[in-house]
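There are 2 protein chains.
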Amino acid sequence: MDRPLQDVFKVHCFGCGALNTHGLQIKSRWEGDDMLCNWKPEPYHIGHPGYVYGGTIASVIDCHSIWTALAHYCRETGHALDDGPPPFAFVTGSLKVDYLKPVPIDGEMELRARVLEKGERKTIIGCRVLHSGIECATAEAVAVRVRLGA
Amino acid sequence: MDRPLQDVFKVHCFGCGALNTHGLQIKSRWEGDDMLCNWKPEPYHIGHPGYVYGGTIASVIDCHSIWTALAHYCRETGHALDDGPPPFAFVTGSLKVDYLKPVPIDGEMELRARVLEKGERKTIIGCRVLHSGIECATAEAVAVRVRLGA
């Protein structure tokens, strides 16, 4: 599947929902075992002048990590997102971001995430944030699988 | 000082800048040794339907924690924000959020932050997020003091 996951399974989330016109609308796609996200901030996504706001960086990481956990679980269980919404979802149990360098507001951020550990309900995802090839932040997210509906 | 800190020292940050018309415009004020923030999300700040997006929660925590570190340092060093921008700033070194319960999108979030530990350059801030009196998230932020200008 070459299309970004969020264009296949459309949701309303502020961070990743294709249906949220106010939101960040990040796009995540497989690249081997990594999940890749390229995202360009708007000029108003600044924290200190000239640099991307840390809360926005955390937001992009949060959604991208959750989609990584979801996509990984779909791949393992043979659920194709093209067939419709999965009967499960992932929510963020915890998120830890280490900010190593400021991320310039100009240009794209690149996020690379992968599954570090997979338990029965919890998946731990590691995520790196790069700008112009330089690692600016690293993060670890714990995604918790929940069942939807009855 | 009864006014929110962000109305005294106005910045452009997406999370807390009074000058950022696209941003969250959070407001932080002293209440004893706690720093208090009441913030009402817009309907589009959702993650899963009905609940506040975790990235937005992390964003509000991030800014509120940084202002807590700044205000604490100002109070210790006798710098009054009314007198003008301080010659130092705080940036986020790391942020860890534990999401305990989903935060309903309706109504206000209340954040209570306080300084847990103060080093030469690093201040560790603990922050709780409540909704209708129920603790929904806890967080720890490491704020790093940087000097501005020459």
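So the sequences go chain by chain: A and B.
Sequential numbering from 1 applies to the first sequence in the numbering used here.
Sequential numbering from 1 applies to the second sequence in the numbering used here.
Cβ coordinates follow ideal geometry from the N, Cα and C atoms, glycine included.
From a predicted model like this one, the values you see are computed outputs, not experimental measurements.
### Message
Can you pull out the residues from the region 61-80 of chain B whose beta carbon lies closer than 9 Å to at least one beta carbon of chain A?
### Response
I61, D62, C63, I66
### Message
Between A:L24, A:H72, A:P104, A:G15, which has its C-alpha nearest L130 (chain A)'s C-alpha?
### Response
A:P104
### Query
Is H79 (chain B) helix, strand or coil by DSSP?
coil
### Chain-ordered residues of the region 93-113 of chain A with a beta carbon less than 8 Å from chain B
G93, S94, L95, K96, V97, D98, Y99, P102
### Query
What are the start and end residues of the beta strand (DSSP E) that includes V91 (chain B)?
88-99
### Task
Mind listing the chain B neighbours of H12 (chain A)? Cutoff is C-beta to C-beta under 7 Å, in chain order.
I46, P49
### Query
Residues in its own chain within less than 6 Å of N38 (chain A) by CB, not counting five upstream and five downstream?
E108, E110
### Simplified DSSP assignment, three categories, for W46 (chain A)
It is worth fixing the name first, because residue 46 (chain A) is Ile in this sequence and not Trp. Of the three classes helix, strand and coil, the one that applies to I46 (chain A) here is strand, per DSSP.
### Query
Is it right to say G55 (chain A) is buried, meaning 16 or more other beta carbons lie within 10 angstroms of its own, or is it exposed?
buried
### Message
For a minimum of 3 consecutive residues, which ranges assigned as the beta strand (DSSP E) are wholly contained in the region 100-135 of chain B?
### Response
109-118, 122-131
### Task
Work out the CA separation of P41 (chain B) and D2 (chain B) for me, nearest whole Å.
23 Å
### Message
By the three-class DSSP mapping on this structure, what secondary structure does A150 (chain A) have?
### Response
Low confidence applies here, because A150 (chain A) scores a pLDDT of 46, under 50, leaving its location unreliable; read the following figure in that light. A150 (chain A): coil per DSSP, three-state reduction.
### Query
Tell me, which residues are paired with C37 (chain A) by DSSP?
A:L111
### Query
So, does the CB of T123 (chain B) fall closer than 8 Å to a CB anywhere in chain A?
no
### Message
Using 8 Å for Cβ pairs, my map puts S132 (chain A) next to T68 (chain A). What's the rounded Cβ distance?
### Response
About 23 Å; that fails the 8 Å criterion.
#### Entry: Alpha-carbon to alpha-carbon, D83 (chain A) and D34 (chain B)
50 Å
### Task
Examine chain B for any beta-carbon lying closer than 8 Å to the beta-carbon of G23 (chain A), and answer yes or no.
yes
### Task
Classify A18 (chain B) as helix, strand or coil using the three-state DSSP reduction.
coil
### Start and end residues, beta strand (DSSP E) containing R29 (chain A)
29-31
### Where V11 (chain A) falls: helix, strand or coil (DSSP)
coil
### Query
Does DSSP put Y51 (chain B) in a helix, a strand or coil?
strand
### Task
Evaluate contact between the region 142-149 of chain A and the region 11-20 of chain B, counting only Cβ atoms and requiring at least three cross-stretch pairs below 8 Å.
no
### Query
If you draw a straight line from the C-alpha of W30 (chain A) to the C-alpha of H22 (chain B), how long is it?
31 Å
### Task
Sort B:C74, B:V60, B:Q25 by Cα distance to R112 (chain B) and report the nearest one.
B:V60
### Query
Taking C-beta to C-beta, are D98 (chain B) and T138 (chain B) nearer than 8 Å?
yes
### Task
Using only the heavy atoms of the ligand ADP, determine whether one of them is closer than 7 Å to the beta carbon of G17 (chain B).
In the structure shown, the ligand ADP is absent, as is every other ligand, since no ligand is present at all.
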